[in-house]
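Sequence lines, in order, name chains A and B.
Here my numbering is used: the first residue of the first sequence is 18, the next is one more, and so on.
Here my numbering is used: the first residue of the second sequence is 8, the next is one more, and so on.
For every residue, glycine included, the Cβ atom is placed at its ideal position computed from N, Cα and C.
Have a look at the structure below before the remarks.
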Amino acid sequence: AQSVTQPDIHITVSEGASLELRCNYSYGATPYLFWYVQSPGQGLQLLLKYFSGDTLVQGIKGFEAEFKRSQSSFNLRKPSVHWSDAAEYFCAVFIQGAQKLVFGQGTRLTINP
Amino acid sequence: DVKVTQSSRYLVKRTGEKVFLECVQDMDHENMFWYRQDPGLGLRLIYFSYDVKMKEKGDIPEGYSVSREKKERFSLILESASTNQTSMYLCASSMAGTNEQFFGPGTRLTVL
């Protein structure tokens with residue numbers, strides 16, 4: 018069955034530190050992968066997406082993600098976090114036959130000043 | 008910019024009440040979706056619609072129904088609200104043939 022796993026429920030980093038949020042997917046075909054961010058009290062905003070081509074994709078707000086087919090992973094990274102990055106982050110895979118997104122459980126990011 | 012709006016940000020209802028959650032998008036998108044979001048479970052798809060008057064069950068349709076009478080509007084209906092339907096509800100839309108979804112701000116529903 019198709020699924021997305023985000024192993025870390027909650028991560029705390031210091032402002033200015035680097036960040037990596039993990040995402041593993043299970044999907045038989047070539048995946049279309051997404052990272053969304055949800056600020057407190059808000060809906061989801063698309064950070065970046067991977068469809069094909071270069072496995073390192075750049076997104077908004079200085080985020081990037083790397084697709085690794087051999088590891089079934091699509092980890093999100095940022096070299097230096099800002100206090101405004103505190104939010105919940107969701108990884109998702111698009112199921113082409115069913116035309117729907119399957120989301121991971123989410124990772125809540127807290128930034129220490 | 009795509010705009011997806013939801014009728015209420017916060018809603019409090021009593022057990023057994025009929026509840027309507029409304030979602031409107033202004034970009035002429037064919038596809039619309041309803042999710043519920045619970046801590047530790049991420050987003051789970053309740054229902055979706057590819058066109059007016061069409062609907063498809065998602066992963067957790069039990070206790071819910073939907074209505075899509077106009078292209079821009081997609082309603083989620085709780086026929087008889089129960090406390091286990093207390094949750095955040097998110098609506099999304101997308102263009103036909105594409106996979107990027109645009110989300111509304113969400114409705115936090117509390118059922119007492």
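Contacts around residue i, its chain only, beta-carbon distance under 7 Å, and the 5 residues preceding and following it disregarded
i, result
"K62/B", "Y54, S56, V73 and R75"
"L97/B", "Y42, Q44, L50, F110, G111 and G113"
Same chain, Cβ closer than 8 Å to residue i, neighbours up to 5 away in sequence not counted
i, result
"E81/A", "L65, L73, V74, Q75, L93, R94 and K95"
"N129/A", "T29, V30, S31 and E32"
"A46/A", "Q113"
"Q88/A", "N41"
Candidates the options: closest to residue i by CA position
i, options, result
"Y49/A", "G123/A, T124/A and K117/A", "K117/A"
"S44/B", "L52/B, N38/B and E37/B", "Residue identity differs from the one stated: residue 44/B is Gln in this sequence, not Ser. Checked all of L52/B, N38/B and E37/B; the closest Cα to Q44/B is L52/B."
"A99/B", "V118/B, T117/B, L28/B and E24/B", "L28/B"
"M95/B", "K60/B, Y17/B and T12/B", "Y17/B"
"V31/B", "P68/B, V59/B and S82/B", "S82/B"
Listed by chain order, chain A residues near residue i by CB distance under 7 Å
i, result
"Q108/B", "L118"
Assigned exposure category for residue i - 16 Cβ within 10 Å defines buried
i, result
"N38/B", "buried"
"E37/A", "exposed"
"G47/B", "exposed"
Chain B contact residues for residue i, given Cβ-Cβ distances below 7 Å
i, result
"I26/A", "G47"
"Y49/A", "N106"
Beta-carbon contacts of residue i that lie in its chain and below 6 Å, excluding the five residues immediately before and after
i, result
"V26/B", "K20, L85 and A88"
Contact set between residue i and chain B, taken where Cβ atoms lie within less than 8 Å
i, result
"Q122/A", "G47, L48 and G49"
Proximal chain A residues relative to residue i, where beta-carbon distance stays under 9 Å
i, result
"G23/B", "The contacting residues do not exist; G23/B stays about 28 Å from chain A at best."
In the segment 48–81 of chain B, which residues sit with their C-beta less than 8 Å from some C-beta in chain A, listed in chain order? Cβ contacts with chain A: L48, G49, L50, R51, L52, F55, Y57 and G65.
#### Entry: chain A contacts from the segment 87–98 of chain B (Cβ-Cβ distance under 8 Å)
Answer in chain order: L97.
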